[in-house]
Structures are given as structure tokens and as C-alpha cells.
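The opening residue of the sequence shown carries number 2 in the working numbering; numbering runs sequentially from there. Ideal Cβ placement from N, Cα and C applies to all residues, glycine included.
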Amino acid sequence: MRFEIMRLDDVDGTAVDSTVVDAASVNQIVQQAAAIGQRLWIRPAECPAS
């Protein structure tokens, strides 16, 4: 499963940038964000129909 992770602006909460990662990478990204107080929004990534 893949997830879209968006980094949020500290002031107004708007998405600053986003990346799509596999499930194994989510924990590492969350840990890094928590260490510096960064706000994230994580949701399942939409997969294109094959």
C-alpha cells in the first residue's frame, strides 16, 4: 500500500509539499517529523487503474 504524506505549513496548516511513499517508509518519515515538530497529513494514495 502507498501513502501520500503532505507537510503542512506551521502558520495556516496548508499543504506545503507532498510525496508518495510505500507503507514501510511511513514510520521513518513520521519519526523524523515528530523529532522536529513538523505537522503532517497522511492519507492512502490513489492508485491509477491498471
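Residue 12 by DSSP, collapsed to three states: which one? For the purposes of this step, residue 12 is taken as residue 11 along the sequence shown, with counting starting at 1. Residue 12 falls in the coil class under three-state DSSP.
Within this structure, are the beta carbons of residue 6 and residue 17 separated by less than 8 Å? As a first step, residue 6 is located in the sequence shown; it is residue number 5 there, counting from the start. As a first step, residue 17 is located in the sequence shown; it is residue number 16 there, counting from the start. In terms of Cβ geometry, residue 6 and residue 17 do not form a close pair [threshold 8 Å].
Comparing C-alpha positions only, which one of 26, 46, 3, 30 sits nearest to residue 39? Along the sequence shown, one-based indexing puts residue 39 at 38. Per the Cα distances, 30.
Would you give the residue range spanned by the alpha helix (DSSP H) that residue 33 belongs to? Your numbering for residue 33 matches position 32 in the sequence shown. Looking at the DSSP string, the run of the alpha helix (DSSP H) that includes residue 33 is 24-37.
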